[in-house]
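Just so we're aligned, residue 62 is where the sequence shown starts under this note's numbering, counting upward by one.
Presented below is the structure to which this report refers.
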Amino acid sequence: MDLLWGYVTDLLSFLRRASPLGLLLWNQTRQQWTGNKKPRTSTQVREPKLSSNATYESLLGTNKAFPQPIPLPEMVDFLVDVWEQEGFFRSTAPGATSTTSLTWAFLCYLSNFNMGDNIARLRDFVYGNKFRGDATFCPGGSIYPNPKESSLFLSLGHDVDVYFPPRKRSRIGAPFLFRGEIFEQQQPASIEVLPDECLFEVFRRLPGGEDRSICACVSKHWLMLLTSIRNDEICAKKATQSISSEPEEPLLCNKKGEVVGLSGDNNKDKEREGDGYLSRCLEGKKATDVRLASIAVGTGHRGGLGKLSIRGSHSTHGVTTLGFRAIGRCCPSLRVLSLWDVSSVGDEGLYEIANGCPLLEKLDLSKCPAISDDGLIAIAKKCPNLASLTIESCSNIGYKSLQAIGSFCHNLTSVSIKNCPLVGDQGISSLFSSTSCSLTNLKLQGLSISDVSLAVIGHYGKDLTELVLIGLENVKERGFWVMGKGQGLQKLRSFTVTSCQGVTDLSLEAVGKGCPNLKHLCLRKCSSVSDIGLVSFSNSAISLESLQLEECHTITGYGLCHVLFSSGRKLKALSLAKCLGFKDLVFGFPSVVCCTSLRSLSVRNCPGFGNFSMNMLGKLCPHLQHLELNGLHGITDEALLPLIENSVAGLLKVNLGNCVNLTDKVITVLAKLHGVTLEQLNLDGCKKVTDASLVAIADNCLFLRELDASNCEITNSGIAALASALQLNLQILSLSGCSSISDMSLAYLMELGRTLLGLNIQQCNAISGRMVDFLVERLWRCDILS
């Protein structure tokens, strides 16, 4: 056999010139040999002989295209069958002439595949699958246990279509005996016959991503083998499926260390396949290595994988480094990676992402205890485009990774670190002290940092625009004061502080003076800030536009009133939530001063906020457009009427949820005065509101789009009033908990359904299930909650 392959190699250059004749010679000689070997006693139906100038039409007898290319293993199997019975180049053996010509035709046909240096792989295939160690032929005939399985093999070249007659029957030289060993011994699947090296070369020459996806469906072994092929190892030029008399341009294959020039069309195809348009999310038990491998292979030709999220993992077969190796090798366009509660992935997985996904821009790690500094350092060195980093509850990540991120990621703009016990002052300092630091957004929560970190932020955070500090128990008043005095937060526009006892009146004033461009301030659970600190801050923060106070129990109406006075020309939004310090006490305030810039007012669940406080806001804020008063049991119609009557800009959105003491009187005035501008109205829980309010709304609110009348005293008459409105075009209607609405309102709801996109009739006990089914069937454009 060594002599045979030497003979093949020597004649390969000559055979390429004779390749157009290889197909015809193959069919001709095979038909001759098959016909000569049939028993002479049986009626023989000879296949027509072919001349050297035969055409494909004459071969098939029609003008149809050839049904399929002949797989290379099929040809090898047939040749070995001939060699086994006739001998190779034996002049004395009968049929030697046909054997020689058949071999010649096979070699001519083989030259079409541009095998080149891969002829050794074909030799290994024949030796490994058809010959024993002593160079004798293996009995048993075809390598396919089932002839139908031969279609699972792929041709090494798609540029030749050939006709292949049906396979002949296997010749049985001995009676077939049923033995138990036949059933006990498992025969290897035919798709596993080729070695991985040959399959690798075949797969990398497939013409497109769709073909690779089809091959990935054959077996898990093929799927994993496909994921081992990097994009730069895939052949650049697509193979054709038709025979051309002109020589085709050979496949251009990219290998490591080589640069292959591509045409413009190929460049466009590559760019189209790797733009990263697709997003995939795996949750819980669906997060496995096999699914990740399928995503890696299947998304390449459909726009490329751009965003991958994994939430949770299978308890026993979860995501491991193997799955991330598939993503790293097949998805170079990945830009966003989110790992939440994935304990089975460690630094090795991030190594694969770093080596294969250099375009990564956003990394989100949450509850990944197996990931340490080494994995993040690899990302920092290999992914220079990283712009956003989120780390939450990762117990093995410390200052070394943050130092590498600050040094190598020059495009980093957003960092969020939460509940990481190893991150301290050294990590924050190294992140900010880097010369390439250009952070604009920073969030620190639950870290064991001290005043030193805030001093560094105040000095080096020159590009910060948004700063969020939550639960920093070790930061004292001095830390916030130094941060404000550092004069480095000149560009800061938004500052949010939650549960930080170091925020006091003195430190808040320093922040106001050190941040001249601050527009939004949010204080949550800051019990050390009083009216004095709030007034001092409002006087120094000359650009303040939005103020949000939540659970700040030491702030009262006095401090709020002074904020409205001092920031009256720029403050646009004011929000108060769960502030127990507000008491409905009467105190004097200058009525001539008003906050003309305030457009949004929200007061939620402040039990001490009563009629006097509401009356004061009504006189000080005449240009309100968004009003939210939720859970204020102390206000009545008399307190809200001045605010509604003094509003000159026209209210757009009004939320009066759970204000149990408001009646139809104030709703009627609201509808008449602001019906031309009102777009959203929420009356959920206003138990004294009845059908009279809906009648006023139907008559005056021309542009109302959303109405929530849940848990109100609404009946069928109110629904009828809404349905009879001439110009009302409601899109969202909520009637949840209105027990007086029954099936009698069916016709009215059908009339409203012409424009409705959402209808909530939950807990309407008087409405039957039959009516609900009818509404669901007829109002197919509307989402109905029942």
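Where a beta carbon is used, it is the ideal one built from N, C-alpha and C, also for glycine.
Computed from a prediction, not measured in an experiment: that's the story for all the values here.
Original post:
By the 10 Å Cβ neighbour count, where 16 or more other Cβ atoms means buried, how is TRP283 classified, buried or exposed?
Top reply: buried
**OP:** Leaving aside the five residues before and after GLY410 along the sequence, list all residues of the same chain whose C-beta is less than 6 Å from its C-beta, in chain order.
**Re:** THR382, PHE385
**OP:** Can you grab the Cα-Cα spacing for the pair GLY573 / LEU608, in whole Å?
**Re:** 13 Å
Original post:
According to the neighbour-count rule (16 or more other Cβ atoms, all chains shown, within 10 Å of its Cβ), is LEU846 buried or exposed?
Top reply: exposed
Original post:
Just reading off the alpha helix (DSSP H) that GLU258 is part of, what are its end residues?
Top reply: 257 to 264
**OP:** Whole angstroms is fine: what's the gap from VAL356's alpha carbon to VAL397's?
**Re:** Reading off the sequence, residue 356 comes out as Ile, not Val. The straight-line gap from Cα to Cα measures roughly 15 Å.
Subject >> DSSP state of CYS342 mapped onto helix, strand, coil >> reply: strand
Original post:
Among residues of its own chain, excluding the 5 on either side of ASN578, which ones have a beta-carbon nearer than 8 Å to its beta-carbon?
Top reply: The residues are GLN551, LYS552, LEU553, ARG554, SER604.
Original post:
Using CA coordinates, which residue listed in VAL756, THR724, GLY746 is at the minimum distance from GLY736?
Top reply: VAL756
Original post:
At which residues does the alpha helix (DSSP H) containing VAL254 begin and terminate?
Top reply: No alpha helix (DSSP H) holds VAL254; DSSP gives it neither H nor E.
Original post:
Where GLY361 and GLY373 are concerned, what is the direct C-alpha to C-alpha distance, given to the nearest angstrom?
Top reply: 25 Å
**OP:** In the DSSP assignment, find the unbroken beta strand (DSSP E) run with GLU706 in it and report its ends.
**Re:** Here GLU706 belongs to no beta strand (DSSP E); instead the alpha helix (DSSP H) covers 698 to 707.
**OP:** Kindly indicate which residue of VAL664, GLY618, ILE616, CYS640 has the alpha-carbon position closest to the one of ALA634.
**Re:** VAL664
Original post:
Rounded to a whole number of angstroms, what is the C-alpha to C-alpha distance between CYS622 and SER674?
Top reply: 10 Å
Original post:
Candidates GLY359, ALA770, CYS418: which alpha carbon is nearest CYS278's?
Top reply: CYS278 has its Cα closest to that of GLY359, out of GLY359, ALA770, CYS418.
Original post:
Going straight from the alpha carbon of GLY618 to that of LYS644, what length do you get?
Top reply: 7 Å
**OP:** Please report the residue range of the beta strand (DSSP E) in which LYS479 lies.
**Re:** 475 to 479
Original post:
What are the residues that DSSP puts in a beta bridge with SER636?
Top reply: GLN609, SER663, per the DSSP bridge assignment.
**OP:** Give the DSSP-derived three-state secondary structure of LYS504 in the structure shown.
**Re:** strand
Subject >> Identity of the residues DSSP links to ASP402 by a beta bridge >> reply: Partner(s): none; ASP402 has no beta bridge.
Subject >> Contact set for LEU807: own chain, Cβ-Cβ below 6 Å, skip 5 residues either direction >> reply: These residues qualify, in order along the chain: MET832.
Original post:
To the nearest angstrom, how far is it from the Cα of LEU734 to the Cα of GLY830?
Top reply: 39 Å
Original post:
Going by DSSP, which residues form a beta bridge with SER449?
Top reply: LYS423, SER475
**OP:** Take SER599 and list the residues in its own chain whose beta-carbon comes closer than 6 Å to its own, dropping the five residues that flank it on each side.
**Re:** Around SER599: VAL624, SER627, SER628.
**OP:** Spatial neighbours of ARG341 within its chain, please: CB distance less than 6 Å, with the 5 preceding and 5 following residues excluded, ordered by chain position.
**Re:** ILE356, LEU369
Original post:
In the DSSP assignment, what are the bridge partners of CYS583?
Top reply: THR557, GLN609
Subject >> For VAL833, the three-state DSSP class (helix, strand or coil) >> reply: helix
**OP:** Report the rounded CA-to-CA distance for PRO430 versus LEU508, giving the unit in angstroms.
**Re:** 16 Å
Original post:
Sorted by chain position, which residues of the same chain lie with C-beta nearer than 6 Å to GLY718's C-beta, five sequence neighbours on each side aside?
Top reply: ASN691, ASN743, ASP745, GLY746
Original post:
On the three-state DSSP scale, how would you describe GLN741?
Top reply: strand
**OP:** For the beta strand (DSSP E) holding LYS442, just list the boundary residues, first then last.
**Re:** Here LYS442 belongs to no beta strand (DSSP E); instead the alpha helix (DSSP H) covers 434 to 443.
**OP:** Return the first residue and the last residue of the beta strand (DSSP E) that LEU717 is part of.
**Re:** Careful: LEU717 lies outside any beta strand (DSSP E) and carries neither H nor E.
Original post:
Where DSSP assigns a beta bridge to GLY819, which residues make up the other side?
Top reply: Beta-bridge pairing links GLY819 to ILE793, ASP844.
Original post:
What does a CB cutoff of less than 7 Å around TYR521 pick up in its chain, not counting 5 residues either side in sequence?
Top reply: So the list reads PHE493, SER494, CYS498, GLY549, once near-sequence residues are dropped.
Original post:
For ASN472, is the classification buried or exposed, using 16 other Cβ atoms within 10 angstroms of its Cβ as the cut-off for buried?
Top reply: exposed
Original post:
Can you give the Cα-Cα distance for LEU704 and GLY485, rounded to whole angstroms?
Top reply: Answer to the nearest angstrom: the Cα atoms are 50 Å apart.
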